[in-house]
Amino acid sequence: MILETKDIKKTYGNRLNRTEVLKGIDMSIEKGEFVSIMGASGSGKTTLLNVLSSIDRVTSGHIIIEGQDITGLKDKKLANFRKNDLGFIFQEYNLLNTLTVKENILLPLSIRNMKKPEVEKQFELVASELGIYDLQDKYPDAISGGQMQRTSAARAFIHQPKIIFADEPTGALDSKAASNLLGKLQTLNELSNSTIMMVTHDATAASYSGRVIFLKDGLVYSTLRRGESSQEDFYKEIMNTQSVLGGVGVES
Ligand SMILES: Nc1ncnc2c1ncn2[C@@H]1O[C@H](COP(=O)(O)OP(=O)(O)O)[C@@H](O)[C@H]1O
Ligand SMILES: [Mg+2]
Numbered sequence: 001m002i003l004e005t006k007d008i009k010k011t012y013g014n015r016l017n018r019t020e021v022l023k024g025i026d027m028s029i030e031k032g033e034f035v036s037i038m039g040a041s042g043s044g045k046t047t048l049l050n051v052l053s054s055i056d057r058v059t060s061g062h063i064i065i066e067g068q069d070i071t072g073l074k075d076k077k078l079a080n081f082r083k084n085d086l087g088f089i090f091q092e093y094n095l096l097n098t099l100t101v102k103e104n105i106l107l108p109l110s111i112r113n114m115k116k117p118e119v120e121k122q123f124e125l126v127a128s129e130l131g132i133y134d135l136q137d138k139y140p141d142a143i144s145g146g147q148m149q150r151t152s153a154a155r156a157f158i159h160q161p162k163i164i165f166a167d168e169p170t171g172a173l174d175s176k177a178a179s180n181l182l183g184k185l186q187t188l189n190e191l192s193n194s195t196i197m198m199v200t201h202d203a204t205a206a207s208y209s210g211r212v213i214f215l216k217d218g219l220v221y222s223t224l225r226r227g228e229s230s231q232e233d234f235y236k237e238i239m240n241t242q243s244v245l246g247g248v249g250v251e252s
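Each step along the sequence shown adds one to the number in the UniProt record's numbering, with nothing skipped, and position 164 is 164.
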């Protein structure tokens, strides 16, 4: 098991105006899994991803990553853990425009002691797999949105983190660029045995993963595993669960 949560709760606001967003989430993620988190807009998907990835803190409960309870870590330790052991892909790419594609991808390495040949090898592998190797000297404003997102995915994978967290990674992409990215995430997941946790409101995107966790009213409502199903059948199962769940619509 790479990640386990025990009764995590997250409340925003003060005593007069409280919003209890997560009301006791328990989940276990195995190493090498590609998991999607779905749920209606406002159901707490981003909140959950942010506390799992230590961007934000839980109100109560425990998050254990590879045996370590990260909920008790001090800010500085947490920041180091985030930099060294986690990878992130956001909807808005978050690339630096003054750096080339390659420089953007190599950013996380500045904080890790990898030798140069090893860095180059890892860069070649990840950039080739994501289909952006030939773009390495270009700047973000000279490439497409899909290419930018694949660059940020490469940045998330380059330091071989324990877990990659992706919040609506296809939210700004057209369907072709989205399926291109997702297919590549799926391949990298299989090749490198990396663990991916992806928030999405899109059943097609979720159908690329191996398991979907649905949130409703601050709790885990249900879980679907792909098992031996084809991607198309899994997509149908996800759609069925979504329609029972209700209220799953376009993100604002
Ligand atoms: N920083 C915050 N302060 C107060 N309320 C918040 C904050 N972030 C999110 N919320 C509220 O928590 C709920 C869940 O938000 P979010 O996790 O972004 O949902 P989702 O990603 O599923 O759309 C929403 O009602 C939202 O308004
Ligand atoms: Mg969100």
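For glycine and all other residues, C-beta sits at the position ideal for the given N, C-alpha and C.
All of these numbers come straight from a predicted model, not from anything done at the bench.
Who pairs with residue i in a beta bridge, going by DSSP?
{"i": "tyrosine 12", "result": "Thr19"}
{"i": "glutamine 68", "result": "Ile65"}
{"i": "glutamate 4", "result": "Ser28 and Ile64"}
{"i": "leucine 224", "result": "Val212"}
{"i": "valine 35", "result": "Met197 and Arg211"}
{"i": "isoleucine 89", "result": "Ala166"}
{"i": "leucine 219", "result": "Lys216"}
Would you say the beta carbon of residue i comes nearer than 7 Å to a heavy atom of ligand 2?
{"i": "threonine 46", "result": "yes"}
{"i": "aspartate 56", "result": "no"}
{"i": "valine 101", "result": "no"}
{"i": "glutamate 4", "result": "no"}
{"i": "valine 212", "result": "no"}
According to DSSP, simplified to helix, strand and coil, what is residue i?
{"i": "methionine 148", "result": "helix"}
{"i": "aspartate 167", "result": "strand"}
{"i": "tyrosine 208", "result": "coil"}
{"i": "serine 128", "result": "helix"}
{"i": "threonine 195", "result": "strand"}
{"i": "glycine 183", "result": "helix"}
{"i": "valine 58", "result": "coil"}
{"i": "lysine 115", "result": "coil"}
{"i": "glutamine 242", "result": "helix"}
{"i": "tyrosine 139", "result": "coil"}
{"i": "proline 108", "result": "helix"}
{"i": "aspartate 75", "result": "helix"}
{"i": "aspartate 231", "result": "According to the sequence shown, residue 231 is glutamine rather than aspartate. It is helical."}
{"i": "glutamine 122", "result": "helix"}
{"i": "serine 175", "result": "helix"}
{"i": "lysine 236", "result": "helix"}
Measuring only from the beta carbon, is residue i closer than 7 Å to any heavy atom that is part of ligand 1?
{"i": "serine 36", "result": "no"}
{"i": "serine 41", "result": "yes"}
If we count Cβ pairs, one from each stretch, closer than 8 Å, do we get three or more for the stretch 88-96 versus the stretch 157-170?
yes
Counting beta carbon pairs with one atom in the stretch 49-63 and one in the stretch 227-238, are three or more of them shorter than 8 Å?
no
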